[in-house]
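Residue numbers (the working numbering): 3 to 119. Glycine is no exception: its CB is placed at the ideal position from the N, C-alpha and C atoms. See below for the structure under consideration.
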Amino acid sequence: MTTSIGFGELRLAAAERHFSGMAVTAFLTEVEIVACSAVGVVHKHTLAGAGRFEDGRRIRTSDIHLMAHRSPYWILLTASGSCYVIVTFKGNNGRQSLNDFLKVLTGGFYPTPRHLQ
């Protein structure tokens with residue numbers, strides 16, 4: 003019996019190797035930028051535990067404060083001090099949401115009040 007490894011799994015493994023030794027909070031796949039935060043599937047979260055940040059679960063990050071492109075990945079630094087690596091985007095809308103958010107970042111935005119995050 004052979005197993006089929008998809009593009010997402012290969013890219014996730016490559017990202018883990020690429021960022022080994024760096025302080026990465028988690029890797030995200032199927033990402034879409036929504037309301038100044040990233041929504042996606044979490045992998046290898048440093049705070050993973052029973053029912054919390056488990057691999058394969060969907061999460062919403064706190065507000066994104068800084069983004070950097072480290073080809074072919076995007077690195078996000080959030081209001082909570084977390085560092086996420088975007089491994090893949092969600093279909094066509096995910097990449098477009100990134101482009102839209104980058105336009106917002108250049109013009110400035112009002113972050114979500116702390117008590118709402």
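Check                                                                                                                                                   : Outcome
Comparing alpha-carbon positions, which option in Ile77, Asp102 and Val106 lies nearest Thr90?                                                          : Ile77
One question on the structure: do Val44 and Gly58 come within less than 9 Å of each other, judged by their Cβ atoms?                                    : yes
Alpha carbons only, please: which of Val36, Tyr86, Ile61 and Gly51 is nearest the one belonging to Leu104?                                              : Val36
Are Ala28 and Tyr86 touching if we call contact CB-CB under 9 Å?                                                                                        : yes
List, from N- to C-terminal side, the beta strand (DSSP E) runs of 3 residues or more that fit wholly inside the region 11-45.                          : 28-36 and 39-45
Where does Val106 sit, in a helix, a strand or coil, going by DSSP?                                                                                     : helix
Would Thr108 and Ser84 be called neighbours here (beta carbons separated by less than 9 Å)?                                                             : no
Using a 10 Å radius around the Cβ and a threshold of 16 neighbouring Cβ atoms, would you call Gly96 buried or exposed?                                  : buried
Any idea what DSSP makes of Gly8, helix, strand or coil?                                                                                                : coil
Among residues of its own chain, excluding the 5 on either side of Thr31, which ones have a beta-carbon nearer than 7 Å to its beta-carbon?             : Gly10, Leu14, Gly42, Val43, His45, Val89 and Thr90
Can you name, in chain order, every residue of its own chain whose Cβ lies under 8 Å from the Cβ of Ala17, other than the five neighbours on each side? : Phe29, Tyr75, Val87 and Val89
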